[in-house]
Structure formats: C-alpha cells, structure tokens
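Working notes for the structure below.
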Amino acid sequence: MTVAAITGLSVVAPAFPGAGGLVIRAGTDPADETCAAQEYLSKRIPKRMLRRMTHFGTMVVSGALAALDDAGITDDHRAHVGSVLGTAYGEIAVACQIFENGLGPGISPTAFHNSVHNASLGYLSIFGGLRGPSLSISDSTLSGEQALVEASSMLSDPGAGAFVVGSGDESCPSVFSPCWREGEEAPRETARGQESGGIIATDEACGFVVMEVEKRARERGARTIAVVREALAGADPVQVIGAASREHAAPDVIIVPAGLDRKADAAILEVVRQTFGHGTPVATEGDLCGYVPASGVIRCVMACRMIAHGAASVLVIGKDLDGHCTVVLLDGGGGS
Amino acid sequence: MSSDTVITGLGALSALGRGVKRHASCLSQGQRFMTLPTLFDSCGAGPVAEVPAGLVPAVPEGHEAVGSRAFCMALAVVDEALEDAGLAFADHSSTAIFTGTTSSGILEGERAFEGVGPGDPRPDYRHFDDQYVAGALGRAIARVRGIRGPRVTISTACSSSASALAQAATGIEQGRFPTALVLGVDSMTRMTYFGFGSLGLISPCPCSPFDAHRQGLTLGEGAACVVLEHRDRARARKARMRASVMGWARNVDGHHITQPDPQGHGIETCIRAALLRSGLTPRSVGHVNAHGTGTPQNDLVEGMVIGRVFGHGAVVSSTKSYTGHTLGAAGALEALFCVLALEGGTVPATLGVESVDPRLDIDIVTGSSRSCDLEAVLSSSFGFGGNNCCIVLGRMEASV
Amino acid sequence: MLKMEIKAMIVEVLALDDVTPEEIEDSGPLFVEGLGLDSIDALELALAIEKRWGVKIRNEELGQKVMFSVETLATHIARNS
C-alpha cells in the first residue's frame, strides 16, 4: 500500500450537542480555529450559488474546504483533488421532505437533485474546483471507515494526487424515532433480531481529512500530521485486527465508536484486548460530538490530533451490527 | 498493456427478462418492453421499463426484514453470476462485494410514508435501517450469501455501479482481495420517476437515444452482477474468462449539479484517461457503449465528445434504448452488454432511432445489430454531480 | 399587483437572499444576464406558478418566451388563469 499522509483536518458540528448552528474546528489545535460554517462559506462563495444547498451540504462543503485550507492546498491546486464521503443516511432530511410533500408530478426539481447521495460532493466539486474522482459511500455505521479504506486504495493508483475524505450524518431524529428514541434506553430490534440497547443522544457532525501520497506531500512542503499505515476491512474482526497488529507495534491509543450496540462493542473490545493486551487505553469520539452513525473520519481526526500531541500511533476501529470490522492504523510518519 | 483483472461471471435482470442469455437474445433481436408503470400511478407522464411481475423473486424465507424489491432483484443476479463463474459453492471468506445503487429500498420508504403529510408524526418505519438506507442492500446480500471480504456501497447517482466496478478492479490490482462481486441495482420508485419528471427529462414515448427528435429518457429498473477475479486465480481454477478489465477512469465535471458541461471537457478527460490507463489509443476501441440516456443535452454533449475522441472509428450504441435508464444498475448492466459484444462480435442497434441527430458526426448503429471484430470496448456512465466513470473491457486472448 | 406577487414569489421560491422583490425590474430579463436565474429556477418557477394560479408552462419553448420577464409572466398568467 502506498503510504498516505494526512495533511489537513476539520470537524463540523454544533458548538455543543443540540446547539443548532454548525461550527468548524479545523487543524490540530481546533480551539484557535473555530468559526461558523455558514459564515465560512458565505465569505468564499457567492450567496446566489449557496442558496440551493441543504443543511447536510453545508456541513460537507464547509468541512471539506476547511480541511483543504488546513492542508494548504490552495484554489489553484485543487483540480487534481478527489473526494470521498461516507454517510449512512446522506440527504435524509430532504428525502423526508419530499415524502411528506407527496410524490407526484409536483415534486420540486431542486429537492429531487439535492436528495441524491452524492449531491453535496457535486456542490463541493463546483465550489471548490475539485475535478478528481469522487465517491460517495454508504455502509451504515462503517461508512466513514470504508471511505478511508477506499480512499487509501485509490491513492495507490497511478496518477492519484490527493483526496479530501470525510464522513458524517445530519440529525433527523424523527425518522429514527420508531426505533431510536432520543435519550431513552430502548431495546432495539436489529437486522438479526438480536436485542441491544443504549442511551442515545443523536447528533450531527462531519469529520474531514486530506490524504495525499506521502512523497507528493513532502515535495510540496506540506506539514504531515500523521500517516495511514494500514486501512483494512472484512467480516472477521480477529482476522482484520490481527492483520493490522502483525507488522506494527501496539498502538498508544485505540479509538472505537461511541456505539449503540453494547454487545457488539463488547465483542470488538474483547478482540482488541486479546490482540493487544489489556493495557492500551480506549477512547471514543464522545468528546467531539454526540452519536453520529458515520463517525469513522471524525475518529480519524481525533487520532491525528493525538498524534500531533505526542502519541506514537493510534488505531481507529469500526464495526457494525453484522460484525464487519475495519481498522485504520495511523502514526507520526518517518522510519518507514 | 492489460490489467490483471478478468470477468468470470455475469448475471442480469431487467425489463428484458431474467438471465444473461435472455438479454443477449433481446439485444440481437432488437426487442424492448416499455409500458406505463404498474407499481404506481404515473399520471401518464411516460413509459418505463419495469421488470415484469413474476420475474422478481420472492423474499427468501427468514429475510423479510431486508427484503426490498431491489434486494430480491439483486439476489437473483448475484446467484446467477456466481453460478456462471463456477463459484456458487466456493468459500467467500475473502470475496469482496462492491454495490452501486442510488435508491436501494426507497420504494419501500415511499410506501411507509404514504399518507404522511408535513407536520404529521413520522411513520413507524421499522425497516428503515434494513431497507431504505443505501448501504443496507449490499450488507444484506453479503450476510445472506456469506460474502465476508470488504463490502462497500457506492452511491454516485447514475455512475454508481460503473464506479463500483472501477473500485473493485483497483482492489484486485492491489491484491486486496482475489475476487469481487460488482453489483448494480435499482428498483423503480416514484421518487426517481417524478424527480426526473420535475427536471423535464422523462420522454413521453419510449426513449430514442441520439435521435434528432429525442425527448428524454425512459426510466428502467433491474440488477446486474459482474464477477471480477485476479487473472492468476481465474487461471488456477480454470475458470472461463469472459473478458478482461483493461482500464478505467473517474473524474467530475464541476460544472452543474444536473447538467453536463456543454463543452464536455470532463467526460472527454475521463474517456482519454481510461484509454491511457488501458494502454490503448482510440483506434483500438471498436465500440462505445454510450451513456446515451436520450435526453437532448446528454446525447449532444456525449456524441460530440465521442466524435472528437474516436471519429468514426468506434461503433456507438446506447443499450438504454432496451433496458431504460436503470440508474444505479446501469454501469454494471452496460459492462455486461460490453462483454456480450466482445464475445459475440456484434454491436446492438440503438432502438427508436429514425434519424440520427444531424449535429453528431459519429457511427451509431441503428436498425439492426452489426457484426464487428472487437478487441476492446468502452462503456461510459455519467451521473448527477457531474460524476463520470469510463471502463475499458478487452476480449480475452485465445490462449491465456 | 400581480407583478408584485410574482416578484415576491420569485424571491421566496428561489431563495434569493441577495435581492428584494422591489429590486426586480418589471421588464428586465430574469434568466442568465439580468437576474441571473438558470434552468432549474425556470422549472421551479413554472411549478410554483402552476400551483398558485393553475397556469401550466410545461413546454420549454413557451417557457422561454413567457418567463422572459416579470411583465411577460404577468401577461401570460392574467390571460390564462
């Protein structure tokens, strides 16, 4: 695998869970860089062009552009940049709006094209001048991790330059309400009829990283925050986590999703402990945002910030209700 | 230069019927089946290419929770393709599955929301996570058929399953997995039917891509599965290699959310990049399976670009004139048609064309299919968001 | 009066934050140059007019003529509603 350097970071989320307005926190020391997403966009893009953007689109476009800014990739150098977005539910609010307004000849053309899964990436390419390959990936709670794995794969392709890779979801609690009542401890039927439960505060957020071929990042004098050593996925956690552990030292920190499903969480943690021993501290994205289904890249941003502040290596683990598992191993680069 | 990825299995289901052989015969005989939708009241806006009742398999017992119409169609083509590849009983612990879909179980979502207006409580939609969500379908197929390698769902509008094929081939080249199922699927939904209608893109009569008087696209539904394998593995197990995946490319226009760049710069760059990756010059490509939706804008821009790149050297056809525009399924379905063209040495006619758009100086097959000696063919898929993907497939050499 | 209603509708339906209804000229072109609207706006506007006044503007050729300006729109609506 080509070693991918991460050169830019951002997270877009409400200032605190449930606060409403979206705030961008870019870079490794986000306290210095906070700004409102809407304001950020309206400074860069004419108002007229922004008027059709959805709430989710605002999250994606502002977060992706902020990560590119953080990576120092200026407007003139964005044509070779591709984009990968992992989102479980995509433009769910617009879709529900279309459903409620009734499906018939009177459906709004704007709402229809905005409901497409990759609509926000379309806007990103128009506003940001990105012309590289663009993928929108949906795989439930693993959407973000899959985005990282597939972007890593594309970076190994000849001619690939850089990708802005993001994941997240907007909150649309009323759709989830039958099964996920906010703040309640509700047993939930899963696809396999198993019972699981948890305290759920659904939130919204998107995380972004800029990934580049390490050599190219070096050549343009970019700051490398972290490098991706491994990015793997599969249905067998023992095999996937084992493969990541074989060639690398135990990580300083392991980041797992702030999950819904305690049984699956416990099972994954058990595999982690069997593989790396009991000593490695385990963190979740809970400090950055509330529950977001496609949180993979948000946890990757967390990992990068830990590395920027001294951690030697961090393992980001994802899992879903089927037991599918992903690992993304990051370290500070060098010595490869 | 050819890549290490080969195609060893195919499966198809569309308005033409069930099975690859049935598709091949419809293509050679110029048959299509487009009628007003039966799944919902269309208000008479235009015909569609629906999968006939009775051809969509029933939900397998025990999988009711995930059993959307799209899931049932997908399962049929996955099984056909695995059988075709001789992998029906194989171990799939490292097999990957790359799904391309735009609507997954939206049809079922629409039904759940029926009668629910703004401000009403949302419906008790317990299958939301198992059916509606784009990734749910591929997840369910992987679970039901024991496919345990990487599992990815790509949803980039009408280029979804073409992009899934490109992504799967990338993974095989890199040795991430030896075998991958590429699945494209979309069922007919009111969302897409009235949505495309709201953009003025639905043709009131069966579509006629590249015709001077074309009036828009005809929506279709269906599923297709293409089994990709590393050449070494296919050779080792003496599999029938039906075609090679020579190259691919993806990019975006960055021009408009629903319309192609009128100059076609983005798609031209994409076609040329796919050729470059395949190690081919335009001259080696004998056939282009065009995106060819039948909308005035797409066909004009695409036809001009094909003319610029290939001149009269490549014979052009749009198989959407048979299946309708199957959206997320189109890329995989059209790759399958390209394999049939390479194997049979025939290029299907584009149906419904009376006179080719006079602004286009390209060789479009009309009337009846044409025999051609094909070494390599190119399939194009372009989606909303200016999302482009081109794939080059090559005929298997006689001795491998 | 009808013209003012149309202007208000244009601003509201097309989410034009950067102009007020009063700033839209009666006879100025709405599309490309002028107000700078595009083809999606045309479809959205035709839909809104159909909903409010029951006047259909579905044909593209007719649409280009009728939706040239607020004035042409008002004439068409007055004649057909």
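Protein sequences, first through last, are from chains R, F and G.
Using this note's numbering, you'd call the opening residue of the first sequence number 367 and step up by one each time.
Using this note's numbering, you'd call the opening residue of the second sequence number 4 and step up by one each time.
Using this note's numbering, you'd call the opening residue of the third sequence number 125 and step up by one each time.
Every residue gets a Cβ at the ideal spot worked out from N, C-alpha and C, and that includes glycine.
Are at least three pairs of beta-carbons, each pair with one atom in the region 69-81 of chain F and one in the region 423-430 of chain R, less than 8 Å apart? no
Given G:E184 as reference, the closest of G:T199, G:T196, G:S163, G:N204 once Cα atoms are compared: G:S163
Using the beta-carbon of each residue, which ones in chain R are nearer than 9 Å to F:M194? A461, I464, F465, L469, I473, F478, S481
F:V395 lies in the alpha helix (DSSP H); which residues open and close that run? First-last for F:V395: 390-397, but that is the beta strand (DSSP E), not the alpha helix (DSSP H).
For R:F382, is the classification buried or exposed, using 16 other Cβ atoms within 10 angstroms of its Cβ as the cut-off for buried? exposed
Nearest-angstrom Cα separation, counted from F:M307 out to F:A227: 29 Å
Can you tell me whether R:E561 is helix, strand or coil according to DSSP? Summary for R:E561: the model assigns pLDDT 31, below 50, so the residue's position carries little reliability; its value from the coordinates is reported in the next sentence. R:E561: strand per DSSP, three-state reduction.
With a threshold of 8 Å between beta carbons, is F:L220 in contact with chain G? no
Comparing the C-beta of G:L167 with each C-beta of chain F, is any distance below 8 Å? yes
Alpha carbon to alpha carbon, how far is G:K180 from G:A166? 12 Å
Under a three-way DSSP split, which group does R:I372 fall into? strand
Alpha carbon to alpha carbon, what distance is there between R:V460 and F:T156? 21 Å
Would you please verify whether the beta carbon of F:G389 is less than 8 Å from any beta carbon of chain G? no
Can you give the Cα-Cα distance for F:C341 and F:T329, rounded to whole angstroms? 16 Å
Starting from the C-beta of R:S543, find all residues in its chain whose C-beta is less than 7 Å away, skip the five residues before and the five after it, and write them out in chain order. Note that R:S543 scores a pLDDT of 41, beneath 50, so its modelled location is shaky and nothing firm can be said.
Along the alpha helix (DSSP H) that carries F:N301, what are the first and last residues, could you check? 299-313
Members of the region 181-209 of chain F that neighbour chain G once the beta carbon cut-off is set at 7 Å: S201, L202, G203
Check whether the region 506-526 of chain R touches the region 651-665 of chain R, counting contact only when three or more Cβ pairs, one atom from each stretch, lie closer than 8 Å. yes
Closer than 7 Å by beta-carbon distance: list the chain R residues that pair up with F:G257, in chain order. S491, I492, G495, L496, R497
Distance, G:V143 Cα to G:S151 Cα: 16 Å
Should F:A165 be flagged as near chain R, meaning a C-beta pair shorter than 8 Å? no
With contact counted as at least three CB pairs below 8 Å, one residue from each stretch, are the region 660-678 of chain R and the region 609-623 of chain R in contact? yes
Give the DSSP bridge partners of R:S679, in chain order. R:D697
Limits of the beta strand (DSSP E) - the one that R:D535 falls within: 528-535
Closer than 6 Å by C-beta to R:R558: which residues in its own chain qualify, once you throw out the five before and the five after it? Chain order, please. Legend: pLDDT at R:R558 = 23, less than 50; position of this residue unreliable, no value from coordinates given.
Rounding to the nearest angstrom, what Cα-Cα distance links R:D569 and R:E536 in this structure? 7 Å
For chain R, check one thing: does any of its Cβ atoms lie closer than 8 Å to the Cβ of G:A132? no
Does any residue of chain R have a CB that is nearer than 8 Å to the CB of F:V119? yes
Leaving out the 5 sequence neighbours to the left and right, which residues in its chain are closer than 8 Å to R:P647 when beta-carbon positions are compared? D618, V619, I620
Using 8 Å as the limit for Cβ to Cβ distance, is R:A402 near chain G? no
Taking C-beta pairs closer than 7 Å, name the residues in chain G that R:K413 reaches, listed in chain order. D141, D142
Kindly say whether F:T261, judged by its beta-carbon, lies nearer than 8 Å to any beta-carbon of chain G. yes
Pick out whichever of F:G49, F:L283, F:P209 has its Cα sitting closest to the Cα of F:E357. F:P209
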